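Each residue of the sequence shown is one higher than the one before, counting from 21 in my numbering.
Ideal Cβ positions, reconstructed from N, Cα and C, are used throughout, including at glycine.
The structure presented is a predicted model; accordingly, all values stated were derived computationally and were not measured.
Worksheet: the structure to be examined is printed underneath.
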Amino acid sequence: MKRRTEMWFDDAVFYQIYPLGLCGAPAENSWDWSVWNGAARPVNRISRISDWIPHMQRLGINAVYFSPVFQSDRHGYDTRDYYTIDSRLGSNEDFAAVCRALHDAGIRVVLDGVFNHTGRGFWAFRDVQQHRRQSAYRDWFFIDWDGNSDSNDGFRYEGWEGHYDLVKLNLENSAVQEHLFGAVRKWVDMFDIDGIRLDVAYSLPVWFIQKLRAYTDSLGREKGREIVLIGELIKDQYAEFIGQDRLHSCTDYECYKGIYSSLNDTNMFEIAYSLNRLFGDGGLCRNTALFNFVDNHDVERIAGILRNPAHIPLAYGLLFAMPGTPCVYYGSEWGIRGKKSDGDNTLRPALEHPEWTELTDMIAGFARCRRENQALRSGSYRQLFLTNGQLMFSRSGGGTEIIIALNASGTPYTVQPGGQSYAHFDGLYGTYRNLLTGETHRYDGSVTLPQESVVYLVRT
Numbered sequence: 021m022k023r024r025t026e027m028w029f030d031d032a033v034f035y036q037i038y039p040l041g042l043c044g045a046p047a048e049n050s051w052d053w054s055v056w057n058g059a060a061r062p063v064n065r066i067s068r069i070s071d072w073i074p075h076m077q078r079l080g081i082n083a084v085y086f087s088p089v090f091q092s093d094r095h096g097y098d099t100r101d102y103y104t105i106d107s108r109l110g111s112n113e114d115f116a117a118v119c120r121a122l123h124d125a126g127i128r129v130v131l132d133g134v135f136n137h138t139g140r141g142f143w144a145f146r147d148v149q150q151h152r153r154q155s156a157y158r159d160w161f162f163i164d165w166d167g168n169s170d171s172n173d174g175f176r177y178e179g180w181e182g183h184y185d186l187v188k189l190n191l192e193n194s195a196v197q198e199h200l201f202g203a204v205r206k207w208v209d210m211f212d213i214d215g216i217r218l219d220v221a222y223s224l225p226v227w228f229i230q231k232l233r234a235y236t237d238s239l240g241r242e243k244g245r246e247i248v249l250i251g252e253l254i255k256d257q258y259a260e261f262i263g264q265d266r267l268h269s270c271t272d273y274e275c276y277k278g279i280y281s282s283l284n285d286t287n288m289f290e291i292a293y294s295l296n297r298l299f300g301d302g303g304l305c306r307n308t309a310l311f312n313f314v315d316n317h318d319v320e321r322i323a324g325i326l327r328n329p330a331h332i333p334l335a336y337g338l339l340f341a342m343p344g345t346p347c348v349y350y351g352s353e354w355g356i357r358g359k360k361s362d363g364d365n366t367l368r369p370a371l372e373h374p375e376w377t378e379l380t381d382m383i384a385g386f387a388r389c390r391r392e393n394q395a396l397r398s399g400s401y402r403q404l405f406l407t408n409g410q411l412m413f414s415r416s417g418g419g420t421e422i423i424i425a426l427n428a429s430g431t432p433y434t435v436q437p438g439g440q441s442y443a444h445f446d447g448l449y450g451t452y453r454n455l456l457t458g459e460t461h462r463y464d465g466s467v468t469l470p471q472e473s474v475v476y477l478v479r480t
């Protein structure tokens, strides 16, 4: 991949909020179709997010990624109306006020764009249900008039990956494109968004992403700011979806899995393999800032999936030190739990107010180090030392080299490099300052790492 021009995304520290969850919205929307989009009277729950801004600032956050906020049937990914904020959260004006407050605090806004499919309550699909072949929107979807759905619609339609509450859109239809791009225009005009995270981007045609990129680039030029496209990718599809004319970035599920699995199995070779494959010399994403995380709204919370609680800070230490852009999922910064097996709602809980713990303080420290050091934001990656329980690597940029050293074992470990296998240590002798504590260390041929620790070291 060619190196793209650096942009605000490269310097960002994200905070993911699932508004329908955090704000305590009812699990289901109104089904009163006397209103065209089934919306009840708006209830302003979204404004409570403004109360979290001081917490985000203290944590070192400068960008928020909002999971779906638009009118939907239940969970947000089953859209009814791309132009209107979910009435369970409030009105367009209520959300615009939140976005203004975030921008005033120096925090950028990225919205979830669910363009692959809609909910069954989507106004155009309801028109097809009512008017069938006579509907002006019959070609907005993939419909088989000779079949029938499980809901007895009198026709069969294509759902996303067999989920028939998620009705697949016909993106080749120019009217569908016009409708979706019109929504993006409104989000930019009304909410001043700084980017879009594309849900199930791996299901979207590349040509559609290219067309959307051209459109958002033109909007960005008009508004005088960069509008970032981040895609949800699960598998190794970087070369296909990321580029100068398509996505700027994508989710890094490979390293997400590598982080918790390496810590649970005391096998740092797994995460080291992924870091080298993606970001080392000749790495697949060496010139791309991927969207990194240790948990999100779709997976088990990091505090629950790690078997050793002492490893939670290590996971975040890796998250903020590895190449890419880190994202913290709301509540995980103080260690809340949630299991996927208990249902999605446990992963997306209502929270009255943020908390601050020792873990939160450590994450704020990692964020501060990243903010203050270009090497951690955009520097190159080089592995220095690797065993089952220990990993050391360096990030170099802006004339500075920072060494990240992690010890996942329950006992202190002394690194004593020697021989050609540790040639990367040549020239590293000297005095170093711990960026997290301010303490100084002298490297004279060996370095001792405390048990279950992660340190960021810079030469003084």
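- If the five residues before and after Val196 are omitted, its C-beta is found closer than 8 Å to the C-beta atoms of Trp160, Leu189 and Asn190, all from its own chain and listed in chain order.
- With a 10 Å radius around the Cβ and a threshold of 16 neighbouring Cβ atoms, Ile254 comes out exposed.
- Following the DSSP letters along the chain, one finds Gly174 in no beta strand (DSSP E), marked with neither H nor E.
- Residue pairing by DSSP places Ser92 opposite Thr99 in a beta bridge.
- DSSP, read as helix, strand or coil, puts Arg357 in coil.
- Rounded to whole angstroms, the Cβ separation of Ile422 and Asn393 is 6 Å, and the two are in contact under 8 Å.
- According to the DSSP assignment, Ala259 belongs to the alpha helix (DSSP H) that extends over Tyr258 to Phe261.
- Beta-bridge partners assigned by DSSP to Met412: Phe405 and Ala425.
- The shortest CA-to-CA distance from Leu310 to any of Tyr280, Gly324, Ile332 and Cys347 is the one to Cys347.
- If you draw a straight line from the Cα of Gln264 to the Cα of Tyr280, it is about 32 Å long.
- For Asn112, the enclosing alpha helix (DSSP H) begins and ends at Asn112 to Asp124.
- Residue range Ala83 to Phe86 is occupied by the beta strand (DSSP E) that includes Phe86.
- For Asp364, no beta strand (DSSP E) run applies; the uninterrupted alpha helix (DSSP H) run containing it begins and ends at Asp364 to Leu367, by DSSP.
- With a 10 Å radius around the Cβ and a threshold of 16 neighbouring Cβ atoms, Arg397 comes out buried.
- Counting C-beta pairs closer than 8 Å gives fewer than three between the stretch 162-180 and the stretch 114-134, which falls short of the contact rule.
- In the DSSP assignment, Pro346 falls within the unbroken beta strand (DSSP E) covering Thr345 to Tyr349.
- In this structure Gly58 is buried. Its beta-carbon is surrounded by 16 or more other beta-carbon atoms within 10 angstroms.
- With fewer than 16 neighbouring CB atoms inside 10 Å of its own CB, Tyr449 falls in the exposed class.
- From the listed residues Thr420, Phe405 and Asp101, the smallest Cα separation to Ser466 is found for Phe405.
- The three-state reading of DSSP puts Thr457 in coil, since its state is none of H, G, I, E or B.
- From the listed residues Ala425, Ser429 and Thr457, the smallest Cα separation to Tyr463 is found for Ala425.
- The beta carbon of Asn136 sits closer than 7 Å to the beta carbons of Trp180, Lys188, Leu189, Asp219, Val220, Ser223 and Leu224 from its chain, once the five residues preceding and following it are set aside; these are given in chain order.
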